[in-house]
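K.L.:
Residue numbers (this note's numbering), protein chains in the order written: chain X, 88 to 415; chain F, 1016 to 1402.
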């Protein structure tokens, strides 16, 4: 497989460009996606190649632009709708939850809604409380939606291409702090990653660190520190929340007998609670220590950088959680 | 409706039973036939099935508690929230020992019970301890807050075997055998039985008529028949002086399992045809091997056959409250003199040893019994008549 080193942002753009070249019904719309290449500048160049008709700047009107996307999807296009900050998805919830997620079911399968909604998550940019939340659990809660949260450039490209080709609405979250992250990415046109396949980012025997999106890198860093202490950590990345690869998560915990689950969403009522419950139910007799969940502190994300950092799980938090289990 | 679960009485000499471990907790729903608790009598440890359906409202006896037979150990109601009826006897009924025990127990027990002491252990540690048959109570936990974790169980498993405790079943066997050996004045007599003709007959049956009988089946039937001739050996001593001569001949078979010795019972063996007896024996032994044996069947006489292991002779310990036990050795080829003509032949000879309770019988009865047994097994016509 031929590979090329690129950033996470470049991988997303490449996935999008390849799909737009491959399928003329694919187009992109959103706020500042055109000449500006988004506020994160990751889509620079797309407008030059595909022009105004396929890379469309919209007004600041999330409900409207997702509604346009749902309509386009119902009538034969494969729109990619860009919601600049995940926080703004709140404005478009009715279109996503009550329209996109429901129409295939309510039309008895006569209509499909092949829309891809891409948005961002993650704190750490001092963007304050309305631009820093990780709200992916909201949508993972809704039947009828698929939710992907890639953690590496390669996963971002492969999952994005799968999202565009999927006949169902997919929400894909990119952590805005990872756009500059570099990694090797397959360059094949048809490189895709099936949904519902977790990836073991690092193999280990003593503890399973189940981590999502940018928290995968927190977990990998923690695993390095733990290795120096003689504790072998396995890092498992579910990659998609819906569908969720329960089997891989459970098998890993059965092997290691312990788990820490790390996700940047708010800790309460979120992803980590759901995964912990699944693991408890299926691996109960193999669990040797209470499962620890790490998530964003249950507070509005502070603007102050030191305070903001304190709300997000760190490698040190993961290491401490593992040490508290007194493995050896 | 309020229903009571009482400590069952299985043996004549059984005074108490132990609630080893409840399989339900208060508030649970249970169906008739579901496992209610692990129950231990002086004879056996077994799973006790609920005789009633309903909601478990009160566990009167606690885990590990030994209580008198026929006393109430749990209360069940039809509905989860119905009031528990007063179980003390009404004025119309005569107070019996049983009802007295109910009221005693109820007075003693406060409505709210103190929480039972729980061993802090991880699920993985609990599973592994069960697999390895290790008692968690004997392990020190090294996890957070003293929790027993998987590594503690593995360590205990690799440590000296003295760190584990005797299984409940071994404890029960030990208790019964110690009681027998220290209370019953045993005496032992032995004889040799020529099994050549019986073996030939048995193998012919299997080949020509596809009737499969085991050596044990022949011994069970022959012994049961001999017991009808010498009922003094088919008896029990109740207390120091009361002799109970049983009116049925129920033969117990000593069966070794991974967990320990169990004794499945073939009831009315004197009445049964050999083929039916063989079916019954196969079924009961299989149940015993699978640990499904109930404590509710008791034998009047026991046979222990170690012939299949090549053991030529041994003595067994009487299984109380029975009067005797027969130890059967292997039938092995021996050169023996035949008849009066001083000719010799190679014959299949099995040695059997009877252990008997000297309080109930003397040597003469035991000898006559063995003689009858020998005659039964050496006479193919007799065996034939039981088919």
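Here a beta-carbon is modelled for each residue, glycine too, at the ideal position from N, C-alpha and C.
Since residue 1060 (chain F) contacts residue 1053 (chain F) with CB under 8 Å, what's their CB separation in whole angstroms?
P.N.:
That pair is a contact at about 7 Å.
K.L.:
Report yes or no: is there a C-beta of chain X within less than 8 Å of the C-beta of residue 1147 (chain F)?
P.N.:
By this cut-off, residue 1147 (chain F) is not an interface position.
K.L.:
For chain X, check one thing: does any of its Cβ atoms lie closer than 8 Å to the Cβ of residue 1137 (chain F)?
P.N.:
Cβ-Cβ to chain X under 8 Å: yes for residue 1137 (chain F).
K.L.:
Express the C-alpha separation of residue 1149 (chain F) and residue 1034 (chain F) in angstroms, rounding to a whole number.
P.N.:
The alpha-carbon atoms of residue 1034 (chain F) and residue 1149 (chain F) are separated by roughly 20 Å.
K.L.:
Determine the direct distance from the alpha carbon of residue 1081 (chain F) to that of residue 1184 (chain F), and round the result to whole angstroms.
P.N.:
The straight-line gap from Cα to Cα measures roughly 16 Å.
K.L.:
Name the residue from F:1084, F:1016, F:1239 and F:1166 whose alpha carbon lies nearest to the alpha carbon of residue 1071 (chain F).
P.N.:
For residue 1071 (chain F), the nearest C-alpha among the options comes from F:1016.
K.L.:
Does the distance from the CB of residue 1249 (chain F) to the CB of residue 1235 (chain F) come in under 8 Å?
P.N.:
No, the Cβ-Cβ distance between residue 1249 (chain F) and residue 1235 (chain F) is not below 8 Å.
K.L.:
Compute the Euclidean distance between the alpha carbons of residue 1205 (chain F) and residue 1319 (chain F), then round it to the nearest angstrom.
P.N.:
Distance between the alpha carbons of residue 1205 (chain F) and residue 1319 (chain F) is about 14 Å.
K.L.:
Looking at the unbroken alpha helix (DSSP H) that takes in residue 343 (chain X), where does it start and where does it end?
P.N.:
Here the alpha helix (DSSP H) through residue 343 (chain X) covers 333-343.
K.L.:
Let me check understanding here. Comparing Cα to Cα, which of X:257, X:340 and X:350 lies closest to residue 330 (chain X)?
P.N.:
Comparing Cα positions, the closest option is X:257.
K.L.:
Output the distance between the C-alpha atoms of residue 1383 (chain F) and residue 1275 (chain F), rounded to the nearest integer angstrom.
P.N.:
So the alpha carbons of these two residues sit roughly 33 Å apart.
K.L.:
Could you name the residues of the same chain whose beta carbon sits closer than 6 Å to that of residue 365 (chain X), not counting the 5 residues immediately before and after it, in chain order?
P.N.:
Excluding sequence neighbours, residue 365 (chain X) sits near 333.
K.L.:
Using only the alpha-carbon positions, how far apart do residue 182 (chain X) and residue 1040 (chain F) sit?
P.N.:
Whole-angstrom Cα-Cα distance: 49 Å.
K.L.:
Tell me the residue span of the alpha helix (DSSP H) that contains residue 1188 (chain F).
P.N.:
Residue 1188 (chain F) -> alpha helix (DSSP H) spans 1183-1198.
K.L.:
Cβ closer than 8 Å: which chain X residues qualify as neighbours of residue 1023 (chain F)?
P.N.:
Within 8 Å Cβ-Cβ: nothing; residue 1023 (chain F) doesn't reach chain X, min ~32 Å.
K.L.:
How about residue 371 (chain X): is its C-beta nearer than 8 Å to some C-beta of chain F?
P.N.:
It does: the Cβ of residue 371 (chain X) has a partner Cβ on chain F nearer than 8 Å.
K.L.:
When the Cα atoms are used, what is the spatial distance from residue 184 (chain X) to residue 119 (chain X)?
P.N.:
Taking the straight line from one Cα to the other gives about 24 Å.
K.L.:
Hey, quick one: how far does the alpha helix (DSSP H) through residue 1212 (chain F) stretch, first residue to last?
P.N.:
Element bounds for residue 1212 (chain F): 1211-1223.
K.L.:
Give a yes or no on whether the C-beta atoms belonging to residue 1087 (chain F) and residue 1023 (chain F) are separated by under 8 Å.
P.N.:
No, Cβ-Cβ distance for residue 1087 (chain F) and residue 1023 (chain F) is not below 8 Å.
K.L.:
Confirm, please, whether the CB-CB distance from residue 167 (chain X) to residue 176 (chain X) is below 8 Å.
P.N.:
Result no, Cβ atoms of residue 176 (chain X) and residue 167 (chain X) do not sit closer than 8 Å.
K.L.:
Terminal residues of the continuous alpha helix (DSSP H) containing residue 1243 (chain F)?
P.N.:
Residues 1230-1244.
K.L.:
Can you pull the chain F residues whose beta carbon is under 7 Å from the beta carbon of residue 344 (chain X), in chain order?
P.N.:
What residue 344 (chain X) touches in chain F: 1139 and 1165.
K.L.:
What would DSSP say about residue 1334 (chain F), mapped onto helix, strand or coil?
P.N.:
Of the three classes helix, strand and coil, the one that applies to residue 1334 (chain F) here is coil, per DSSP.
K.L.:
Taking the C-alpha atoms as reference points, what is the distance between residue 135 (chain X) and residue 90 (chain X)?
P.N.:
Between residue 135 (chain X) and residue 90 (chain X), the C-alpha separation is close to 25 Å.
K.L.:
Check whether the stretch 1313-1330 of chain F touches the stretch 1339-1359 of chain F, taking contact to mean three or more Cβ pairs, one atom from each stretch, closer than 8 Å.
P.N.:
Segments in contact, yes.
K.L.:
Can you give me the Cβ contacts of residue 1295 (chain F) inside the same chain, cut-off strictly under 6 Å, excluding the 5 residues immediately before and after it?
P.N.:
Contacts found: 1281.
K.L.:
Can you grab the Cα-Cα spacing for the pair residue 1216 (chain F) / residue 1391 (chain F), in whole Å?
P.N.:
Going by the C-alpha atoms only, they are around 13 Å apart.
K.L.:
Under a three-way DSSP split, which group does residue 1358 (chain F) fall into?
P.N.:
DSSP places residue 1358 (chain F) in strand when its eight states are reduced to three.
K.L.:
Determine the burial state of residue 197 (chain X): buried for a count of at least 16 other Cβ atoms within 10 Å of its Cβ, exposed for fewer.
P.N.:
Residue 197 (chain X) is exposed by the Cβ-count criterion.
K.L.:
Note down the Cα distance separating residue 1241 (chain F) from residue 373 (chain X), rounded to an integer number of angstroms.
P.N.:
Computed Cα separation, rounded: 56 Å.
K.L.:
Counting along the chain, where does the beta strand (DSSP E) carrying residue 287 (chain X) start and finish?
P.N.:
Taken as a continuous stretch (DSSP letters only), the beta strand (DSSP E) holding residue 287 (chain X) covers 286-289.
K.L.:
Would you identify the three-state DSSP class for residue 201 (chain X), choosing helix, strand or coil?
P.N.:
Three-state DSSP puts residue 201 (chain X) in coil, outside helix and strand.
K.L.:
Nearest chain X C-beta to residue 1142 (chain F) closer than 8 Å, yes or no?
P.N.:
Chain X, which has a Cβ nearer than 8 Å to the Cβ of residue 1142 (chain F), makes this yes.
K.L.:
At the level of alpha carbons, what is the spacing between residue 305 (chain X) and residue 401 (chain X)?
P.N.:
If I take the Cα positions, the gap works out to 6 Å.
K.L.:
Let me know the alpha helix (DSSP H) ranges lying completely inside the stretch 1275-1347 of chain F, each 4 residues or longer, listed in chain order.
P.N.:
Those alpha helix (DSSP H) runs which fall completely within the stretch 1275-1347 of chain F and span 4+ residues are 1289-1304.
K.L.:
Counting only beta-carbon separations shorter than 8 Å, does residue 1156 (chain F) have a partner in chain X?
P.N.:
With 8 Å as the cut-off, residue 1156 (chain F) does not count as an interface residue toward chain X.
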